[in-house]
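K.L.:
My structure is below; once you've seen it, I'll send some questions.
2 protein chains.
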Amino acid sequence: MPGRKPKPTRITLQDVARRSGFSASTVSIVLSEAPLSRYVAAQTKERIRKAAEHLGYRPDIFARSLRSRRSNTIGVLVFDISDPFCVLILRGIEKAMQGTRWMPIIMDAHNERSQFERYLDLLMERRIEGLIVVANWLFDEGGLLEKTSHEAVPSVVVGRDVSEQGIGTVIVDNETGGYLAIKHLYELGHRQIALIRGPEKLIDSTRRWQGIERFARESGWKLDPSRVRQLPDALDPISPFEGGLELTAELLATGQEFTALIAFDDLTALGALRALAQAGLSAPRDCSIVGFDDVPLAALSTPGITTIRQPMEEMGAAAARRVLDTLREGEETSREHDPVLEMLPPALVLRDSTAELR
Amino acid sequence: MPGRKPKPTRITLQDVARRSGFSASTVSIVLSEAPLSRYVAAQTKERIRKAAEHLGYRPDIFARSLRSRRSNTIGVLVFDISDPFCVLILRGIEKAMQGTRWMPIIMDAHNERSQFERYLDLLMERRIEGLIVVANWLFDEGGLLEKTSHEAVPSVVVGRDVSEQGIGTVIVDNETGGYLAIKHLYELGHRQIALIRGPEKLIDSTRRWQGIERFARESGWKLDPSRVRQLPDALDPISPFEGGLELTAELLATGQEFTALIAFDDLTALGALRALAQAGLSAPRDCSIVGFDDVPLAALSTPGITTIRQPMEEMGAAAARRVLDTLREGEETSREHDPVLEMLPPALVLRDSTAELR
DNA sequence: ACAGATTATTCAATCGTTTTAATATTGGTA
DNA sequence: TACCAATATTAAAACGATTGAATAATCTGT
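Here is the structure:
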């Protein structure tokens with residue numbers, strides 16, 4: 020049979036209606052489980068479902084969205100998907116969305132503000148019902164979400180603290196993270212500890228610093244400021260690596276003694292590792308190193324990097340849950356009863372880049 | 020002014036029609052640049068555009084898609100987005116799609132076949148007009164795309180060769196890649212070269228092997244099979260690391276002499292690096308190592324990994340172009356005149372994990 | 001001056017749902 | 001008996017665009 024067309028006709032609600040013997044209205048009500056379906060006889064439902072299945076009916080999402088004014092989609096705007104940090108958050112978001120009637124629609128802004136805005140526009144055009152921004156590397160957040168959305172759709176930012184702008188935020192508890200990092204090194208016997216702080220504009224960096232200071236106060240020990248460096252403000256996703264490399268080399272060149280180093284994040288730690296190697300030194304023999312984040316490659320480098328883990332999947336899931344909760348509330352009660360800022364606990368992950376002071 | 024509602028009403032085509040003084044038809048024709056717009060007076064177009072802009076009109080994509088039967092979206096189904104390999108391909112796809120009227124809609128199958136099928140279904144439901152599958156780590160492709168699509172929408176797979184199933188494929192030229200890797204080591208003076216092949220089921224692995232054999236033939240040198248190992252078939256994204264670690268340890272344990280090692284990919288190389296370190300050896304001093312892929316972390320480890328680069332962004336872009344070309348052709352002539360298999364050239368990237376034989 | 005092509009615009013049907021309001025059909029109760 | 005509430009189903013009007021066919025208006029050549 021040569022010219023037999025496969026399936027020239029779409030199966031519509033009407034088809035199901037005809038086959039089941041009920042009207043399109045009833046079929047719609049049953050299949051979409053609208054409130055009115057409460058009143059539909061069980062037997063009717065049964066027959067309609069059978070018919071739909073038999074015909075292989077799939078609702079047309081465009082018609083559906085057009086009429087119902089809902090898209091069943093949540094926009095997920097990622098600042099830079101090439102950052103492994105973001106990827107794991109995505110996972111969490113997606114898993115949390117599994118099995119709900121929402122689906123994520125993901126866009127990647129490539130680290131460019133203009134793209135970010137363009138894509139945000141595109142998302143709004145697609146009538147997203149909620150928005151999650153995954154922001155790893157984001158300065159100058161001023162009014163990022165003001166222009167569009169945020170008023171219109173429930174939004175959450177994960178990875179950067181924008182709670183001061185009144186925008187829902189999910190982040191790791193940076194202060195505790197800093198505390199854990201220094202505590203670990205201190206307990207290993209290190210006292211001469213160098214530090215590479217994050218970019219100045221990044222609030223996270225400050226928080227981690229505060230955690231470190233708190234530990235210093237509590238333990239009556241003092242961090243020597245001459246061993247502290249700071250990464251430059253830069254958007255490039257591998258700039259922390261370069262920064263870690265250069266700043267560590269610089270620290271070594273000054274002749275400053277240090278037996279351990281806390282890096283702003285794992286990439287910075289990798290840079291530090293290389294700087295050590297270039298100076299003929301190695302971790303943890305000559306210097307212990309602690310990173311931050313626990314991106315996948317922290318486990319794969321040699322030595323594996325001891326680091327402060329951000330629970331990235333959980334953060335993504337938390338962000339998704341927040342948005343979905345707000346959405347569901349909207350259906351019944353009024354919203355806004357949860358705190359704007361949600362902080363998840365970090366954890367120390369022991370690997371091979373740190374060791375007891377000899 | 021307290022209770023002033025922001026924008027309760029959507030701006031529709033009708034509004035633009037009224038304001039510009041033309042009918043909805045004309046407005047639609049002008050704004051969507053339909054073929055008929057050829058006949059619309061320049062002045063009319065001007066007026067309509069002005070009106071649309073002034074009102075801030077945005078077409079409703081649901082209504083548009085419902086009526087026109089096109090979604091202007093291309094489905095992008097990624098096998099495992101946590102693989103950096105995939106991420107760069109995504110970049111390429113996205114960039115190639117920039118400025119066209121299509122937009123990618125990305126889904127991540129988490130390395131699970133069942134998810135893959137579910138998401139493929141979801142994509143079809145959204146009436147994607149084209150499909151790009153980004154498959155890094157994909158065995159058992161048998162009839163992956165048969166069930167759905169592939170007949171219905173133009174499809175391309177990037178990263179794995181499925182051209183034998185008649186499905187468009189974009190991959191790197193693995194044979195040349197293997198050739199380049201061995202050639203590099205040979206020219207550095209290495210003759211005792213160990214090899215960790217990829218999983219048996221992966222055709223890529225065989226191709227790279229063929230490249231290596233070709234070089235051996237051409238140079239009259241012979242690879243000792245006792246120095247060859249093979250990664251197990253496994254789906255886990257970090258299994259190559261573990262495999263590289265174990266197999267290298269095993270090679271070292273046999274007492275086999277080797278001054279260089281070709282790893283199946285960069286992760287395998289990282290595993291090998293660690294195995295060396297655990298044996299108190301280091302690259303490139305005691306053993307040179309070549310990877311494959313050039314994922315971002317190849318540059319970040321210490322030593323940086325000399326590797327065979329897959330032009331991932333270009334591959335993504337090529338895949339996107341293929342799909343878009345087919346789509347555009349469909350509008351005019353008949354399709355299918357391009358080859359099913361498209362191979363892009365790899366390149367040797369020199370870093371610090373290889374060195375001349377002392 | 002007229003047929004026919006070309007240019008310019010519009011009418012009205014349609015895409016496939018959801019939803020509001022209306023219509024039947026019950027059974028229970030005043 | 002008549003009325004009301006609860007149960008069960010449906011008719012018909014949206015939702016906001018696109019498009020094929022129809023209508024006007026203008027031009028071209030004979």
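From first to last, the protein sequence lines are chains V and B.
Take 20 as the starting number for the first sequence in my numbering and just add one per residue.
Take 20 as the starting number for the second sequence in my numbering and just add one per residue.
Idealized CB from N, CA, C, for every residue including glycine.
1. Ignoring anything shorter than 3 residues, give me the beta strand (DSSP E) runs that lie fully in the stretch 200 to 270 of chain B, in order along the chain.
2. Per DSSP, which residues does A317(B) bridge with? Please list them.
3. Is P21(B) close to chain V, meaning its C-beta is less than 7 Å from at least one C-beta of that chain?
4. Are the stretch 89 to 98 of chain V and the stretch 107 to 118 of chain V touching, with three or more C-beta to C-beta distances below 8 Å?
5. Could you name the residues of chain V that L300(B) contacts, counting a contact when the two beta carbons are closer than 8 Å?
6. Along chain V, in chain order, which residues have C-beta atoms closer than 8 Å to that of T84(B)?
7. Our contact map puts I201(V) next to L280(V) with C-beta atoms below 8 Å; I'd like the distance itself, whole angstroms only.
8. Can you list, in chain order, the residues of its chain whose CB lies under 7 Å from that of S238(V), leaving out five sequence neighbours each side?
9. Taking the continuous alpha helix (DSSP H) assigned at G290(V), which residues delimit it?
10. In angstroms, rounded to a whole number, what distance separates the CA positions of R132(V) and Y138(V)?
11. At 8 Å on the CB atoms, spell out the chain V contacts of F260(B), in chain order.
12. Just mark A213(V) as buried or exposed, buried being the case when its beta carbon has 16 or more other beta carbons within 10 Å.
13. May I ask you to verify whether the stretch 63 to 80 of chain V touches the stretch 282 to 299 of chain V, counting CB pairs closer than 8 Å and requiring at least 3?
14. Could you confirm whether any beta carbon from chain V is found closer than 7 Å to the beta carbon of R293(B)?
15. Does chain B have any CB closer than 7 Å to the CB of S101(V)?
16. Which value, in whole angstroms, describes the spacing of the CA atoms of R77(B) and N193(B)?
17. Would you please verify whether the beta carbon of E265(V) is less than 7 Å from any beta carbon of chain B?
18. Measuring only from the beta carbon, is G310(V) closer than 6 Å to any heavy atom that is part of the ligand HEM?
19. Give me, in chain order, the residues of the same chain whose beta-carbon lies closer than 7 Å to that of A302(B); leave out the 5 immediate sequence neighbours on both sides.
20. Would you give the residue range spanned by the alpha helix (DSSP H) that D34(B) belongs to?
21. Going straight from the alpha carbon of S320(V) to that of I48(V), what length do you get?
22. Exposed or buried, what is R226(B) when buried is set at 16 or more other beta-carbons lying within 10 Å of its beta-carbon?
23. Quick one: what does DSSP say T63(V) is sitting in, helix, strand or coil?
24. Using a cut-off of 8 Å between C-beta atoms, extract the partners of V106(B) located in chain V.
25. Helix, strand or coil for S42(V)? Go by DSSP, reduced to three states.
26. Report the residue from G230(V), P365(V), T45(V) and K241(V) whose alpha carbon sits nearest the alpha carbon of T63(V).
27. Among residues of its own chain, excluding the 5 on either side of R38(B), which ones have a beta-carbon nearer than 7 Å to its beta-carbon?
28. Please identify the residue among F283(V), S245(V), A253(V) and G290(V) whose C-alpha is closest to the C-alpha of T267(V).
29. For E113(V), go through chain B and note every residue whose CB falls closer than 7 Å to its CB, in chain order.
30. With DSSP as the reference, label A279(V) as helix, strand or coil.
31. In chain V, which residues lie less than 8 Å from E144(B) when you measure between Cβ atoms?
32. What do you get for G149(B), buried or exposed, if any count of 16 or more other CB atoms within 10 angstroms of its CB means buried?
33. By a C-beta neighbour count over all protein chains shown, 10 Å radius and 16 as the cutoff for buried, is R86(V) buried or exposed?
34. Give me the Cα-Cα distance between P380(V) and T28(B), rounded to the nearest whole angstrom.
35. Please check if any C-beta of chain B sits within less than 7 Å of the C-beta of A339(V).
36. Does any residue of chain V bring its CB to less than 7 Å from the CB of S353(B)?
P.N.:
A quick look at the data gives this:
1. Segments of the beta strand (DSSP E) lying fully in the stretch 200 to 270 of chain B: 212 to 216 and 247 to 249.
2. Taking the second sequence and counting its residues from 1, the one referred to as residue 317(B) is at position 298. Beta-bridge pairing links A317(B) to no other residue.
3. Numbered from 1 along the second sequence, position 2 holds the residue referred to as residue 21(B). Caution is warranted here: a pLDDT of 38 is assigned to P21(B), below 50, making its placement in the model unreliable, and the coordinate value is therefore given only provisionally. Between P21(B) and chain V, the shortest Cβ-Cβ separation is not below 7 Å.
4. Judged by Cβ distances under 8 Å, the stretch 89 to 98 of chain V makes contact with the stretch 107 to 118 of chain V, as three or more pairs qualify.
5. Position 281 of the second sequence, counted from the start, is the residue given in the question as residue 300(B). Those within 8 Å of L300(B) in chain V number zero; the least Cβ separation is about 11 Å.
6. Taking the first residue of the second sequence as 1, we reach residue 84(B) at position 65. Sequence inspection shows Ser at residue 84(B); the Thr mentioned does not correspond to that position. F81, listed in chain order.
7. Counting from one through the first sequence, the residue named residue 201(V) turns up at place 182. Counting from one through the first sequence, the residue named residue 280(V) turns up at place 261. Taking a contact as a CB-CB distance under 8 Å, the pair I201(V) and L280(V) does not count as one, their CB atoms being some 11 Å apart.
8. By 1-based counting over the first sequence, the position of residue 238(V) is 219. So the qualifying residues of the chain are Y205.
9. The residue you call residue 290(V) lines up with position 271 of the first sequence. If you look at G290(V), you'll find it in the alpha helix (DSSP H) that goes D285 to Q297.
10. Here the question's residue 132(V) lines up with position 113 in the first sequence. Here the question's residue 138(V) lines up with position 119 in the first sequence. Using only the alpha carbons, I get a separation of about 10 Å.
11. Residue 260(B) sits at position 241 when you count from the first residue of the second sequence. Here the neighbours are L319.
12. As a working note, residue 213(V) is residue 194 in the first sequence. Buried, because 16 or more other Cβ atoms sit within 10 Å of the Cβ of A213(V).
13. Result no; under three Cβ-Cβ pairs closer than 8 Å.
14. Start at 1 with the first residue of the second sequence, and residue 293(B) comes out as number 274. Answer yes: the Cβ-Cβ gap between R293(B) and chain V drops below 7 Å somewhere.
15. What you label residue 101(V) is simply residue 82 of the first sequence in a count that begins at 1. S101(V) counts as touching chain B.
16. What you label residue 77(B) is simply residue 58 of the second sequence in a count that begins at 1. What you label residue 193(B) is simply residue 174 of the second sequence in a count that begins at 1. Cα to Cα, R77(B) sits roughly 47 Å from N193(B).
17. On the first sequence, residue 265(V) is found 246 positions in, with the first residue counted as 1. Output row for E265(V): interface = no.
18. Absence of the ligand HEM from the depicted structure is noted, as is the absence of any ligand whatsoever, leaving it without description.
19. In the second sequence, the residue the question calls residue 302(B) occupies position 283. Same-chain partners within the cutoff: L292, L295, I308, P322 and S372.
20. Locating residue 34(B) in the second sequence gives position 15, where the first residue counts as 1. Start and end: L32 to S39.
21. Taking the first sequence and counting its residues from 1, one reaches residue 320(V) at position 301. Taking the first sequence and counting its residues from 1, one reaches residue 48(V) at position 29. For S320(V) and I48(V), the distance between alpha carbons rounds to 56 Å.
22. Here the question's residue 226(B) lines up with position 207 in the second sequence. R226(B) comes out buried.
23. Residue mapping note: residue 63(V) aligns to position 44 of the first sequence, counting from 1. Looking at T63(V) - three-state DSSP - the assignment turns out to be helix.
24. As a working note, residue 106(B) is residue 87 in the second sequence. Under the 8 Å cutoff, chain V gives I100, S101 and V106.
25. Start at 1 with the first residue of the first sequence, and residue 42(V) comes out as number 23. Coil, per DSSP.
26. If you number the first sequence from 1, residue 63(V) lands on position 44. Of the listed residues, the one whose Cα sits closest to T63(V) is T45(V).
27. On the second sequence, residue 38(B) is found 19 positions in, with the first residue counted as 1. A70 and L74, listed in sequence order.
28. Translated into positions along the first sequence, residue 267(V) becomes position 248. With respect to the C-alpha of T267(V), the residue from F283(V), S245(V), A253(V) and G290(V) having the closest C-alpha is G290(V).
29. Within the first sequence, the letter at position 94 stands for residue 113(V). Neighbours of E113(V) on chain B, chain order: D127.
30. Locating residue 279(V) in the first sequence gives position 260, counting from the first residue. Reduced to three states, the DSSP call for A279(V) is strand.
31. In the second sequence, the residue the question calls residue 144(B) occupies position 125. Residues of chain V passing the Cβ test: R77 and I80.
32. Working through the second sequence from its first residue, we reach residue 149(B) at position 130. Within 10 angstroms of the beta-carbon of G149(B) lie 16 or more other beta-carbons, which makes it buried.
33. Taking the first sequence and counting its residues from 1, one reaches residue 86(V) at position 67. So R86(V) ends up on the exposed side.
34. The structure shown does not extend to residue 380(V), since chain V spans only 20 to 377, so no value can be given for it.
35. Taking the first residue of the first sequence as position 1, residue 339(V) is located at position 320. So no, A339(V) is outside the interface.
36. By 1-based counting over the second sequence, the position of residue 353(B) is 334. Reliability fails at S353(B), whose pLDDT of 46 lies under 50, so the model's placement of it is uncertain and no value is given.
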